[in-house]
Amino acid sequence: MKEFLYRLRWKIQKFMQGRNGVDELNRILLYAVLVLYVSSIILQSLILDYLAFAGILYLLYRTLSKNLYVRREENRKFVTWLETTRIKMEQRKDYKIFKCKGCGRNIRVPRGKGKIEVTCPMCGKKTIHRT
Ligand SMILES: [Zn+2]
């Protein structure tokens, strides 16, 4: 039995060589699929069931993919987005973030300063905001 498990492990390792495997995006995707699947059971929704199945297929595709450059680029973008979102959520307590009406850039100002005039550092457009 121990020999069989050892051989199986070796075969799986050999099969996974040169493949993407499990990365951060796959890990989050797995949790999303589990939540979707449990939700589909609780709500008895066929649409959620199909979404969970599509998620599993995409998860398998990403895990077994040999196109490492593209998969790592996807993962890098996802991790960057996750980190940016986390930082934004942390800053929400102390700062208010506006989108400039001139150029679309995000402008961060401290909260609790009342009504202030904000000048965009990129395009110089001045707008009045409540903080
Ligand atoms: Zn601007």
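Heads up: the sequence shown at position 107 corresponds to 101 in our numbering, and the numbers run straight through without jumps.
Cβ atoms here follow ideal geometry from the backbone N, Cα and C, with glycine treated the same way.
Please read these numbers as outputs of a predicted model, since none were measured by experiment.
Notebook entry, point to check: Taking only beta-carbon atoms, is Glu67 less than 8 Å away from chain C?
Noted result: Within the model displayed, chain C is absent; a lone protein chain is all it includes.
Check: Does ligand 1 have even one heavy atom less than 7 Å from the beta-carbon of Lys120?
Finding: For the purposes of this step, residue 120 is taken as the residue at position 126 of the sequence shown. Answer for Lys120: no, Cβ out of range of ligand 1.
Next item on the list: Using a threshold of 8 Å, state whether the C-beta atoms of Glu68 and Leu19 are closer than that.
Entry: As a first step, residue 68 must be located in the sequence shown, where it is residue number 74. As a first step, residue 19 must be located in the sequence shown, where it is residue number 25. In contact: Glu68 and Leu19 (Cβ atoms closer than 8 Å).
Next item on the list: With hydrogens ignored, establish whether the beta-carbon of Arg102 is closer than 7 Å to any heavy atom of ligand 1.
Entry: Residue numbering aside, residue 102 sits at position 108 when the sequence shown is read from its first letter. No, the beta carbon of Arg102 sits no closer than 7 Å to any heavy atom of ligand 1.
Item checked: Terminal residues of the beta strand (DSSP E) in which Asn100 lies -> Position 106 of the sequence shown holds residue 100. Start and end: Asn100 to Pro104.
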